[in-house]
Amino acid sequence: MPILKSAKKRVLQTKVRQARNYNTRTALRKAIRAVLDAVDASDSAAAEKALQVAFKAIDTAEKKNILHKNTAARRKSSLARSVAAIGKKA
């Protein structure tokens, strides 16, 4: 248990930040899952739309330091390659 006033404040700040990060991470995972589901269904139009949403979610997570910039770039590249592969199949 925190005793000092500053320690109590840090506990509260940590809880708030944890909740904020959780929401951002959840939105990120949902956006990525939407792209992968569209790719699995070979739905090119839905995949393109979902890709834009996923890119925005990844950029947001990167800006908030939830993802490292290289991790964000790698995920965006991977998703873009997946969506491009649908176009080549069709």
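Numbering that gives the first Met the number 0 puts the first residue of the sequence shown at 0, with every later residue one more than the last.
All C-beta atoms in this analysis are idealised placements derived from N, C-alpha and C, irrespective of residue type, glycine included.
No experiment lies behind these values; they were computed from the predicted model shown.
query, result
"Through-space distance from M0 to V52, alpha-carbon basis", "41 Å"
"Residue nearest to Y21 in terms of C-alpha spacing, selected from L66, I85, K75 and S76", "L66"
"Classification of I2 by the beta-carbon crowding that lies within 10 angstroms, buried from 16 upward", "exposed"
"C-alpha distance - T70 paired with A18, whole-angstrom precision", "22 Å"
"Neighbourhood of V38 by C-beta distance below 8 Å, restricted to the same chain and skipping five residues each side", "A46, S81, V82, A84 and I85"
"Simplified DSSP assignment, three categories, for D42", "coil"
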